[in-house]
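Residue numbers (the working numbering), protein chains in the order written: chain C, 4 to 298; chain S, 163 to 390.
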């Protein structure tokens, strides 16, 4: 392809956009809206995953020791726990530590704890963290078989529920994104179809003069790409500020809500949206031009 | 250069446009295609630049069999054939110059070449002064001259003209015929479908007469032979 042919493609694309200014604006903005919702659902899915991963990694296994276990045995149990595959850390919490912690949490209602007097009903325990959430259950089962362990507790059921929820959010998000992608293709292809239709006579003449199909197609594809690019840039801009503001607001009011704050990942989402916008524009125009090339 | 062997064309709607046509046209010939409306003249010309393919038979153009030609080769065939239409088919948004240059752009000619070829072509058809005008400000005859300039810029081996004078008055028609004759004298084959009796009779060229899809007469230095 020659340089001046490429120049011709760009001139034609921009001339056509100028001719159909309002229609192009309408189509770019509808594409922007579709891509915005698409990007928003992508961010929701991303954050649900992130939330789940954060919560899952926080899942702790509490291993309560038998009351009669002496200090040496308690230490050995700790070593045994650490040997179980997947265990990241095992922290010993003595019954005194546990009571102190309890007292701190119930600062305002001291009276309740004062009734205990000098008795400490709490057992010694280990707080165990594992590497991956799916290791929680097998590890907990292993701990139960260690001698001197009275009871093993973890968020039984919670982990499984979390898995189910993230799965559904992911599926719903993908379906929503798929539908919106189709809507964006439809919108852009409608705009291009109008410009193609308005120029069908010109296309017909070009065919008679010996234009290849790609020569005819390129200006329209560029037009679609420009529309998709404009729409996606607007969408990304809106999403960028919305997400940033939400992030700041949450950080101030609900700092414990985990949110994806890794900018390199968020930027990938925005790049993806721009890529999708450009791709949809190109596909939309290819669909529109196809019918008019048969001469 | 053109050879049709037992060519028949039946359209999808059942119309038999051509029946068993055998024609040979040599390089550099000037051929009139005459006959009443619906005789098959338009189909004949459409087959030559492969807007249509025959239902039966074979067509050779410059040694290439158009029936066997792949779709993606068609543009390159058309660049070697200049087509002139009754309704001119100029692009209304482009100037005279741009319309002529367009045929070269499509063939991916370099800008430098285009700047040399287009003025020469406009000079030949006598429209150098109107280069920057839009087709809508031109008379019918001038528009057809633009069409001719556009048809010759790719140095085609053949010009196919489907009633090029159909929308023009007699004087203007003769200007166009003079140009076609000049182009023919430079070695380009011309095939022209027409209803213009006086032109055919005066030009004394080969005449192929068609009726109901068949070639009924084919003579050198012929006459129109019908009453209009």
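C-beta atoms are modelled at their ideal positions from N, C-alpha and C, and glycine is treated no differently.
Are residue i and residue j touching if we call contact CB-CB under 8 angstroms?
| i | j | result |
| --- | --- | --- |
| residue 185/S | residue 321/S | no |
| residue 230/C | residue 31/C | yes |
| residue 216/S | residue 170/S | yes |
| residue 239/C | residue 277/C | yes |
| residue 163/S | residue 351/S | yes |
| residue 173/C | residue 48/C | yes |
| residue 83/C | residue 131/C | no |
| residue 228/S | residue 212/S | yes |
| residue 66/C | residue 152/C | yes |
| residue 11/C | residue 267/S | yes |
| residue 142/C | residue 87/C | yes |
| residue 129/C | residue 81/C | yes |
| residue 139/C | residue 147/C | no |
| residue 193/S | residue 367/S | yes |
| residue 221/S | residue 239/S | no |
| residue 200/S | residue 180/S | no |
| residue 54/C | residue 261/C | yes |
| residue 311/S | residue 339/S | no |
| residue 348/S | residue 224/S | no |
| residue 214/S | residue 205/S | yes |
| residue 101/C | residue 125/C | yes |
| residue 175/S | residue 218/S | no |
| residue 40/C | residue 183/C | yes |
Interface residues of chain S around residue i at Cβ under 7 angstroms?
| i | result |
| --- | --- |
| residue 215/C | 237 |
| residue 218/C | 268 |
| residue 208/C | 251 and 253 |
| residue 205/C | 253 |
| residue 246/C | Neighbours of residue 246/C on chain S: none; closest Cβ ~44 angstroms, over 7 angstroms. |
Starting from residue i, find everything on chain S with Cβ-Cβ shorter than 8 angstroms and list it in chain order.
| i | result |
| --- | --- |
| residue 198/C | Per Cβ cutoff of 8 angstroms: no residues; residue 198/C is ~13 angstroms from chain S at best. |
| residue 11/C | 267 |
My assumption, with CB atoms under 8 angstroms, is that residue i sits in contact with residue j. Please give the rounded CB distance.
| i | j | result |
| --- | --- | --- |
| residue 308/C | residue 195/C | Limits of chain C in this structure are 4 at one end and 298 at the other, which puts residue 308/C out of reach. |
| residue 297/S | residue 308/S | 7 angstroms |
| residue 193/C | residue 19/C | No, residue 193/C and residue 19/C are not in contact; Cβ-Cβ is about 15 angstroms, not under 8 angstroms. |
| residue 316/S | residue 269/S | 6 angstroms |
| residue 241/S | residue 181/C | In fact, because the Cβ distance is near 43 angstroms, the residues do not count as touching under 8 angstroms. |
| residue 334/S | residue 303/S | 3 angstroms |
| residue 388/S | residue 363/S | Their Cβ separation, rounded to whole angstroms, is 11 angstroms, which puts residue 388/S and residue 363/S out of contact at 8 angstroms. |
| residue 263/S | residue 276/S | 5 angstroms |
| residue 215/C | residue 237/S | 5 angstroms |
| residue 355/S | residue 380/S | Contact flag wrong, Cβ pair sits at about 14 angstroms. |
| residue 191/C | residue 283/C | 6 angstroms |
| residue 281/C | residue 232/C | 5 angstroms |
| residue 250/C | residue 264/C | 7 angstroms |
| residue 85/C | residue 77/C | Incorrect: roughly 13 angstroms between the Cβ atoms, too far for contact. |
Buried or exposed: which applies to residue i, given that a residue is buried once 16 or more other Cβ atoms fall within 10 Å of its Cβ?
| i | result |
| --- | --- |
| residue 205/C | buried |
| residue 378/S | exposed |
| residue 188/C | buried |
| residue 344/C | Since the first and last residues shown for chain C are 4 and 298, residue 344/C lies out of range. |
| residue 294/C | exposed |
| residue 345/S | buried |
| residue 245/S | buried |
| residue 43/C | buried |
| residue 246/C | buried |
| residue 207/S | buried |
| residue 201/C | exposed |
| residue 274/S | exposed |
| residue 261/S | buried |
| residue 222/C | buried |
| residue 288/C | buried |
| residue 123/S | Residue 123/S lies beyond the residue range present for chain S, which begins at 163 and ends at 390; the question has no answer from this structure. |
Going along chain C, which residues have a C-beta under 8 angstroms from residue i?
| i | result |
| --- | --- |
| residue 393/S | Because residue 393/S is not part of the residues shown, which for chain S are 163 to 390, the question remains open. |
| residue 206/S | None at all; the shortest Cβ gap to chain C is about 16 angstroms. |
| residue 355/S | Within 8 angstroms Cβ-Cβ: nothing; residue 355/S doesn't reach chain C, min ~15 angstroms. |
Which residues in chain C have a C-beta closer than 9 angstroms to the C-beta of residue i? List them in chain order.
| i | result |
| --- | --- |
| residue 212/S | What residue 212/S touches in chain C: nothing, since even the nearest Cβ is about 10 angstroms away. |
| residue 283/S | Per Cβ cutoff of 9 angstroms: no residues; residue 283/S is ~14 angstroms from chain C at best. |
| residue 192/S | Per Cβ cutoff of 9 angstroms: no residues; residue 192/S is ~22 angstroms from chain C at best. |
Anything in chain C within Cβ reach of residue i, meaning under 7 angstroms, just list it in chain order.
| i | result |
| --- | --- |
| residue 241/S | 213 |
| residue 245/S | 211 |
Does the CB of residue i have a neighbour CB from chain D at under 8 angstroms?
| i | result |
| --- | --- |
| residue 167/S | As a matter of chain content, chain D is missing from the structure shown, whose protein chains are C and S. |
(message) Ignoring anything shorter than 4 residues, give me the alpha helix (DSSP H) runs that lie fully in the region 81 to 144 of chain C, in order along the chain.
(response) Listed in chain order, the complete alpha helix (DSSP H) runs (minimum 4 residues) inside the region 81 to 144 of chain C are 98 to 108 and 113 to 117.
(request) Counting only runs of 4+ residues fully inside the region 210 to 242 of chain S, write out the alpha helix (DSSP H) ranges in chain order. (result) Within the region 210 to 242 of chain S, the complete alpha helix (DSSP H) runs of at least 4 residues fall at 236 to 240.
(request) Would you mind listing the alpha helix (DSSP H) stretches within the region 286 to 335 of chain S that are 4+ residues and don't spill past its ends, in chain order? (result) Entirely contained in the region 286 to 335 of chain S, the alpha helix (DSSP H) runs reaching 4 residues are, in chain order, 302 to 314.
(request) Please specify which runs of the beta strand (DSSP E), each continuous and at least 3 residues long, are wholly inside the region 148 to 195 of chain C, giving them in chain order. (result) Counting only runs of 3 or more, we get 152 to 156.
(request) Run through the region 53 to 78 of chain C for me and flag every whole beta strand (DSSP E) of 3 or more residues, listed as ranges in chain order. (result) For the region 53 to 78 of chain C, whole beta strand (DSSP E) runs of length 3 or above, ordered along the chain, are 63 to 68.
(message) Quick check for students: name the residue ranges of the alpha helix (DSSP H) that lie wholly in the region 195 to 222 of chain C, counting only runs of 4 or more.
(response) Along the length of the region 195 to 222 of chain C, whole alpha helix (DSSP H) runs at least 4 residues long occupy 203 to 211, reported in chain order.
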